[in-house]
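J.: Got a structure for you, questions after.
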Amino acid sequence: MMEWIVALCLITGVLFSFFSALGILRMPDAYIRMHSSTKAGTIGVGLIMVAVALHFHDTSVISRAVGIIAFILMTAPVAAQLLGKSLLMNNYKMWRGHQQD
Amino acid sequence: MMQWLLVMPIFIPLLTATACAFSFRKQSLSSVISWTGAIANLLVAILLIQTVISNGLQVTAFGDWKAPFGIVFVADLLSSSMVLITAIIGIAIVLYSTADLRSKPFYAIYHSLIHALLAGVMGSFLTGDIFNLYVFFEVMLITSFGLMVLGANKAQIDAAVKYVVLNLISTMVFLLAIGLLYGATGTLNMADLHAKVAELPDTTMMLISGLFLFGFAIKASAFPVFSWLPASYHHLPSAIVALYAALLTKVGVYALIRVFTIVFDLVDSGYQPLLIVIAGLTMLTGVLGAASQFNIKRILSFHIISQIGYMLMGLAIYTPLAITGAIFYIIHHIIVKANLFLIGGFLKRKQGSDNLRELGGAYSAMPWLALLFLIPAFSLAGFPPLSGFWGKFLVIKASLQTEEYLLAATALFVGLMTIYSMTKIWAEAFWKPLPENAPAPVTLSWKENCLYITPIAALAVITILIGFMVEPIYQLAETSAMNLLNPQPYINAVLGGDSISHTAPLSANGIAGGSH
Amino acid sequence: MEFLWCLVVGLMTACGVFLMLERHIVRFLFGMILVSNAINLAIFVAGRLTRGNPPLIASDALLPAAGYANPLPQALILTAIVIGFGLLLFTLLLAYRAIKELGTADMDKMQHAETEQ
Amino acid sequence: MTDIMGFAINFAFAGLLAGLALAFIRLCKGPSLADRVIALDLIAFITIGFIGVFTIYSNATAFMDIAITLALVAFLSTIAFARFIMRLPQSQSDEHSDSGEKS
Amino acid sequence: MNLFLLNILLAFGWMLLNGNYASTDFTIGFVVGFFALLLTEPFRNKPHYGRKFLAALKLLVVFLYKLLTSSLQVVWDVITPTHLSHPAIIKVPLAVESDLEIMLLANIVSLTPGSLTLDVSEDRKFLIVHAMFSKDEQSVIDDIKTSLERRILEVTRD
Amino acid sequence: MSSIIFRTSAHIVTVLMLVFSVYLLLRGHNNPGGGFIAGLIAVIAFALLMLAETTDYVRQRLVYSPAAFAGSGILIALLAGLLPLFFGQPFLSGLWWGKIGSPLLFDIGIYLAVIGSVLMVLLNVEEELS
Amino acid sequence: MQNPILKLWLAFCTLLPLGIFLLIGASYKPPESLFYWSWIPSLDINFSLRLDGLSVLFASLISGVGFLIQLYAVAYMKPYKGRAAFHLYLTLFMLAMLGLVLADNLLLLFVFWELTTLTSYLLIGFNHEKEISRKNALQAMLVTGSGGLAMLAGLIMLGEMAGTYSISAIITQGTSLVQHSWFTPSLLLILLGAFTKSAQFPFHFWLPGAMAAPTPVSAYLHSSTMVKAGIYLLARMLPVYGDSALWFTLLCSAGAFTALWCAIQAYRQTDLKLMLAFSTNVILGQLVMLIGIGSSYAVTAALLLIAAHSFYKAGLFMVVGNIDKATGTREYHELAGLRAVLTISFIAALVTAASKAGLPPSFGFLSKEYLYKAGLEFGWLLSGSMLLANAIMVALGLLIIIKPFLSPHHEKAAPMKAIEHNQLLWIPPIVLALLSVVVPVALLNWYQGLVIDPAAAVMLPDTQVKTVKLWEGFNLPLLLSALTLILGIVLYVVYPRLKPRLDQLMSGLPSGPGVYQHILNAVIKLANWQTRILQHGHLTQYSLQFFIVLLAFLGTALWKIVLWQVHPLPSIELDLYYYDIILAAFLVIAAFVVVKARTLLLAVAALGTIGFLTTMVFLVYSAPDVAKTQLLVETLMVVFIAIVLRHLSAVNSVPRHSTSRRLVHACVAIGIGVSISLALWIITATPMNQEISEFYAQTSVSGGKGRNIVNVILVDFRAFDTLGEAVVVVIAGLAAVAVMAGKRINKLVSESTRENR
Ligand code: NA
Ligand code: NA
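Taken in sequence, the protein lines are chains A, B, C, D, E, F and G.
First residue of the first sequence: 1, per our numbering; consecutive thereafter.
First residue of the second sequence: 102, per our numbering; consecutive thereafter.
First residue of the third sequence: 618, per our numbering; consecutive thereafter.
First residue of the fourth sequence: 735, per our numbering; consecutive thereafter.
First residue of the fifth sequence: 838, per our numbering; consecutive thereafter.
First residue of the sixth sequence: 996, per our numbering; consecutive thereafter.
First residue of the seventh sequence: 1126, per our numbering; consecutive thereafter.
Here you go:
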């Protein structure tokens, strides 16, 4: 039973990661690519870590997996925010849509 | 006791370097620390060589992990005499820089780096582990980078770029060679490698030893991979270039000698004929390079290359006499070349230039300096009975014995051209009257003069002593050469773990006398 | 499986060497980084490869699990990586200084050292 | 290792490496500097995932420390790049502008 | 007081990392954490812990749910051949004030559907957000303010 | 760079990294880790802090100059090596008192040396170039 | 002479040769070993001095004439600035010369030989403010130095052939070495040394050039001592090499030609000093010829000529020195009526010139008689050449005496001043003039017993020489002497008409200094050319050079393996998973991207990717510590580059190499890469000895108290590496700050905060 859950987490996690990568390749502009990498990437890695934690059910591994998830949740948006800010500062042209002053 | 003594040549300079680094704000304090360290070094080196002479080869295994599992330091006659010479040069440079670089803002860092460099050099001499040799080479290399860029101007930065770029190539290849050697033999200890390398297929051995030869040839500035040296040395402050000239390339030669006797057998490696050609061309191109220069430091830099050729010649001939000659040559050259650069630096300080076209009148102005110049200059040129003659004599004799006539002829011709270069400096800087548009020489305080002249005079005295006390040094070099060509006692001592005596006791006063 | 990595080492070295021959000093540095990586990998490969069995000893054991990876090359590479880092860091800043001081990143235009003043 | 785990792991390796390829293409294509940094950041994420999968595959829990380390340091390089882009003059933030070379 | 709490948390984190729950490990973790805090002094205004636990849990659940849905939304846009998005950059007025609050909000905004924080205005009054599906800017702002900012305030304010 | 979001999170992340670095230092002997790795992580932690705040902020947090850290690191490593000599063992031999041993001291020395030297460069580069 | 120390020093320098002379005279009972100190026994180089018939002749000449020269120099050098140094050099030179003739060890002899070269360099260049002095000193140094170096090889060969470096031991082996394959080479090499030192054609030119030195130097070095070193060596080697035909041919032809050629040159000179210098060459040529002949008469003649020449030539040089002092010139045409001021010098000149011209009963006459005797034994060719050379000597003698001293003083001649109130200027030449007459007339028996017999015994161990007599009745040699005199007078008479013709005739011929300068220039040109080629200053070309050499190293070894199938190539074992291949492919692709990247940031990003990929490789193959370190280091590097990048890209764009050059680069790079692949593959295909790693695994817990073997290696088994590595990192930090900060280094390193600055 546990194996099935682990496998499920793994597969969905990898799928999210893959689509995240596909997203940054396919999406039309840098802002939207960041949406893709930040959200899908985070959840992808997060799910894989959940899979690892479930697979080993060992405190040290679980603590590390949780640590990684927490850390990614904390840092990924910050990184995206700084990149976004850099784009803003350079007056990066959006693919479409508009911008408030 | 041995456990203490063998590690001190590394420990003391590193400690001194750290202490100097901590005394940034007080120049005089860092001077005192630096002097103390240098003197302690010399004492340890003397003690070490005396122990080796009286008790034979000494080994210490760090962490008490016996070879080949741990790293060992091995002091045989060769390495301990190299350490002694290094310590002597260390003192000379430290004294000299107290006068020469006192006003510089990087004074304290400079002393720190000098001692780190000495640690690297002595570690390279003492280590019995090939990877550890790499580590000490890196200590040396990065320190030399640091010294090179201290207070650098435009030309010095350019010189540093060339020095760094080309030396990094050597470093990479050296590391690769170690990797391959380890992959082929499974060991890193040089004594252990001796037997394991012998089991390798010839071609594998040639492959790996070729990489070592290439890497060390760059360090030693052999033809055709010496370009880094004349491109960079002449822009360095004299004290630094004296230190480099004396030690860095010699470490390359030392490594070549070690590796191609203890680890690989030069003859078996298949590189002997090539090395003979390299040696000849190194001598020749170096000395011709010098003949076309007018800058004292640049002339001397090119002469480093040509002199390296003699040392390589000794190794290439690969007889006991030849290697004896090479070792003798190394000992002589370290002292003499350092001294010449120091004198060049003093001239520059006095006259503000080291271009021969802008110099002159030093003979009349400073007759004592003229005398002090003559000694190392004519020693380098190979005038008997000065030290340089004996090294030349030994390698030439060895080359005649092995019927390498062309090599002998080259060595003789290079000797003639060396005379030409040395007399050129003498005639232009000393004999020639000071050019009319040249500025008046700087007058130095009595104390400064002393600080400049003491190391110069001391090294000149050592040069003369080596020239006259040839026998003990010859004995030392010969015993070393014998031990290199017949390394079984070395291997037994290193792998057996106990220090055993395998050297015939030498008259200790000869060698110790040479150091005062 | 060593064969594959021998090939990779060679190709990475080739790329690195090519870059080290370019005129832009920063490209030289990139080449150095590549070659340095390749050589670390070479040492690793030379010590033979073992899949998925790090040289660690479990808390209740005295020996590592059978078929453990060769630890010595790992230690050597660690040393080599750190030393390489030091060298590269210095080279990077030297490149910076050279560009500032000499006004060019072109190594063939750096001709101040060997022209007679 | 059971069938389902075997499949999942193989799938994971393949998927992650495919993702890596896609991200790498974006890294090469740019066009803006930010695009490359985004791609590099994602490559770090994918590498973390790969390490996780490999930990399961090899049963060597020691590898998890690498994942943590990577999570820590990838952040720093992204930040450093972002700052680099911010500090560039506007004209240089786009294509090929930081090229040190003449074509 | 809160620093102390955080310190204890760090010590527990230490024990977790070690996978070892002896008192010595706690002590070491505490000391290490103490020095780490000493070096960084992270918080200027110190939030109260404890009673906010429930609110925090609620926030977490909402957040995880939103993260999942937002990811699916992105993935959908990625795998469908046409680009569905109508991006816009929007200024969201802020009710939160402290650094920690702003950070939390910004991060959560970035990880929830359709929005990505780009910056905080100089005067800390606005969050500059890139919205992916912004047919109506006000609805985006309202969503952020009601479902996220309010919950954060519940956690952080008395 | 003055982003509130980044600054605030950087402080948290730095603390976490420092804790993790000390953890790796102490556990390195039995698990992957050790002085170098731990030192580099600490450097990265401070680098983050430096990017979020200013170099002066980092220097003030450090109290002593990075060079002093580097020097004392080398000093500690040297002394850890020297210690066994007083017990009649060769340089760098392991001396153990329970779980504490001279190799650990040595590792701490390496740790400090790495932090000191890399931070020295980092802070100076940052100050020089910005 | 106010300075008492200087006074004392001059007295010492003067009395030292006198003391040595007296000591030699007092202690001489040949042959005996004077002194033995085992200097370098391992090399058979000993400080052994031996006084036999040959050395006693030279030693007493060196010390005796040396004493007179020092005496003369005290007066002559009075106005010179560095006179103390001058006497020092002269004394050192004398000691070196003495050592040379006394040494009983080939290498000891060489040591002194080179010391004479060195000291004479200092003496020739004594007037160092003048460029010509420096130039000619160098010329002498290089010419004699090159011969000396060749001789070194010859001496080593001789010593090796004989199995000993002791000269007396070699001499006792006699002609037995002739069988050895090194006989001829060593002969040629030693001759090269002797010929250069004794200024034989074509090396003769340095000797006249050396006249740039102050006159006492010329009188000493270039008449009686230094140049005779070569003669001494030849005389010494006569028992060893004398029997070979090559010896005879070479010495006779070189000697005869030198004598003739230099005689003609001497005849052409107008500077009195140069006349004497070239005539010294003539005597040296004759001496070489005599030793080449090596007969009993020849040896006798040589032993007479050596002493006779020393006396009259030193005397004449001093006279010329006095002329120079009195008038400020030595030009023949500017001198007249000197008898008025140089009365005593004139007497000395008269006697010594007579000896030079070979007028009876001078020493010169005696030696000339024996010269002709020796020459006549070998036919007319040798005798004829001797006759011509000697006739010119007569003409020179007349030239020196008649016009400068005897012609009346006139307006155009140089003004004169009296100098002979300083006795030291005329005592030495008078003593030498006296000796030139007294020895042949009164002391001939004594000379025979003390010098000729023992010396001949050394040179010709098997032959008894005849007793020398001043008057042997009318015979062929006497006739030749008379002929010489007549021819000499004729040459003197036709001098004003012949000289311009000769000058015209010889102006087209290459001169010695000209050829020397040509060779030197050619070498310098070659040096400049090779330096331009090798040290061109283009860094990337240096790198390319280095890599090509590396490729050559790798290539040769691999060539042997692959093409010659030295050992069979291992088969390719593929134990791979698909992710291995993908990782490998990515690594290579990323590396290519770095190469192809047109922007620096792309290259950096690709490098970062390579960092991640390598991490994965280390992970896959069980190296967690390495993976972590790689990751951290790579990231830090990227951060540093990102900080610096802004400043790196904001520079003038850098052009690329030409396409063809880059093609070469690509070939070299691929060659190196492929070679490394092959090498690594060949090595990894064999099983590995993992003994050491097994030891680590076994002792990690028990000995190292750690469970992470890699870390135990780092901090225990190989902790010393780690210490070195930490040192490297710290110094790299210092160096990096230093290179960046330039002169502000101290501040940057020492202060903890910026406020303190
Ligand atoms: Na050198
Ligand atoms: Na190490």
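Cβ atoms here follow ideal geometry from the backbone N, Cα and C, with glycine treated the same way.
Determine the burial state of F/Gly1083: buried for a count of at least 16 other Cβ atoms within 10 Å of its Cβ, exposed for fewer.
T.: Per the 10 Å Cβ criterion, exposed.
J.: Counting C-beta neighbours from all protein chains within 10 Å, is the total for B/Leu507 16 or more, i.e. buried, or is it exposed?
T.: The residue is exposed, with fewer than 16 neighbouring Cβ atoms inside 10 Å.
J.: Just mark G/Lys1481 as buried or exposed, buried being the case when its beta carbon has 16 or more other beta carbons within 10 Å.
T.: Buried, by the Cβ-count rule.
J.: Among all the DSSP beta bridges, which residues are the ones paired with B/Gln159?
T.: DSSP, once it has assigned bridges, lists B/Ala176 as partnering B/Gln159.
J.: For the stretch 1769-1788 of chain G, which residues have a beta carbon sitting closer than 8 Å to at least one beta carbon of chain F?
T.: Per Cβ criterion, the list reads Val1769, Arg1771, His1772.
J.: Indicate the three-state DSSP secondary structure (helix, strand or coil) for E/Asp936 in the structure shown.
T.: Note: E/Asp936 maps to helix in three-state DSSP.
J.: If I follow the unbroken alpha helix (DSSP H) through G/Leu1560, where does it start and stop?
T.: Start and end: 1552-1567.
J.: How would you write the range of the alpha helix (DSSP H) that B/Asp303 sits in, first residue to last?
T.: Residues 303-321.
J.: Mind checking whether C/Leu711 and G/Ile1766 have CB atoms under 9 Å apart?
T.: In this structure, G/Ile1766 does not lie closer than 9 Å to C/Leu711 by Cβ.
J.: Are there 16 or more other CB atoms within 10 angstroms of the CB of G/Phe1137, so buried, or fewer, so exposed?
T.: With fewer than 16 other Cβ atoms within 10 Å, it is exposed.
J.: Using a C-beta cutoff of 9 Å, does B/Thr244 count as contacting chain G?
T.: For B/Thr244, the answer is yes, since a Cβ of chain G falls inside 9 Å of its Cβ.
J.: Contact defined as beta carbons within less than 8 Å: I believe G/Ile1807 pairs with G/Ala1822. What is the distance between those atoms, to the nearest angstrom?
T.: Their Cβ separation, rounded to whole angstroms, is 27 Å, which puts G/Ile1807 and G/Ala1822 out of contact at 8 Å.
J.: Excluding the 5 residues preceding and the 5 following B/Ser124 in the sequence, name in chain order all residues of the same chain whose CB lies nearer than 7 Å to its CB.
T.: So the qualifying residues of the chain are Leu130, Ser131, Ile134, Ala209.
J.: Buried or exposed: where does D/Ile759 fall if 16 or more other Cβ atoms within 10 Å of its Cβ makes it buried?
T.: Exposed: under 16 other Cβ atoms inside 10 Å.
J.: Are there 16 or more other CB atoms within 10 angstroms of the CB of G/Trp1684, so buried, or fewer, so exposed?
T.: Exposed: under 16 other Cβ atoms inside 10 Å.
J.: Give the interface partners of F/Ile1007 over in chain A, defined as CB-CB distance under 9 Å, in chain order.
T.: Those are Met74, listed as they occur along chain A.
J.: Using a Cβ-Cβ cutoff of less than 6 Å, which residues in the same chain neighbour A/Ala7 once the five nearest sequence positions on both sides are dropped?
T.: Answer for A/Ala7: no residue qualifies.
J.: Step through the CB atoms of chain F and report whether any lies within less than 9 Å of the CB of B/Ala168.
T.: Not an interface residue.
J.: Can you say whether B/Tyr264 is buried or exposed, counting buried as having 16 or more other CB atoms within 10 angstroms of its CB?
T.: So B/Tyr264 ends up on the buried side.
J.: Spell out a yes or no on whether the stretch 152-162 of chain B and the stretch 238-255 of chain B are touching, meaning 3 or more CB-CB pairs, one atom from each, closer than 8 Å.
T.: Flag = no, the stretch 152-162 of chain B and the stretch 238-255 of chain B do not touch.
J.: Grouping DSSP H, G and I as helix and E and B as strand, with all else coil, what is C/Ala683?
T.: Three-state DSSP puts C/Ala683 in coil, outside helix and strand.
J.: Can you tell me which of the three DSSP states A/Trp95 falls into?
T.: Of the three classes helix, strand and coil, the one that applies to A/Trp95 here is coil, per DSSP.
J.: Decide yes or no for the touch test of the stretch 569-588 of chain B against the stretch 211-222 of chain B: beta carbon pairs closer than 8 Å, at least 3 of them.
T.: No, the stretch 569-588 of chain B is not in contact with the stretch 211-222 of chain B.
J.: Under 9 Å between C-beta atoms, does A/Lys85 make it to chain F?
T.: Taking Cβ atoms only, chain F reaches closer than 9 Å to A/Lys85, which makes this a yes.
J.: Determine contact between the stretch 115-122 of chain B and the stretch 192-201 of chain B, defined as no fewer than three beta-carbon pairs at a distance below 8 Å.
T.: Touching, no, given that fewer than three Cβ pairs across the two stretches are closer than 8 Å.
J.: Establish whether the CB of F/Phe1031 and some CB of chain B are separated by less than 9 Å.
T.: Not an interface residue.
J.: Just to confirm my understanding: we take E/Arg881, look at its own chain, exclude 5 residues before and 5 after, and list those with CB closer than 6 Å. What are they?
T.: Any reading at E/Arg881 must be qualified, since the residue scores a pLDDT of 44, below 50, and its modelled position is unreliable; no value is offered.
J.: Taking the straight line between their C-alpha atoms, what separation do you get for A/Ser36 and B/Glu300?
T.: Each residue's alpha carbon lies about 59 Å from the other.
J.: I think E/Ala892 touches E/Glu991, with their Cβ atoms under 8 Å apart; what is that distance to the nearest whole Å?
T.: The Cβ separation is near 4 Å, so the contact holds.
J.: Under 6 Å Cβ to Cβ from A/Ala80, same chain only, skipping five residues before and after it: list those, please.
T.: Correct list, in chain order: Met34, Thr38.
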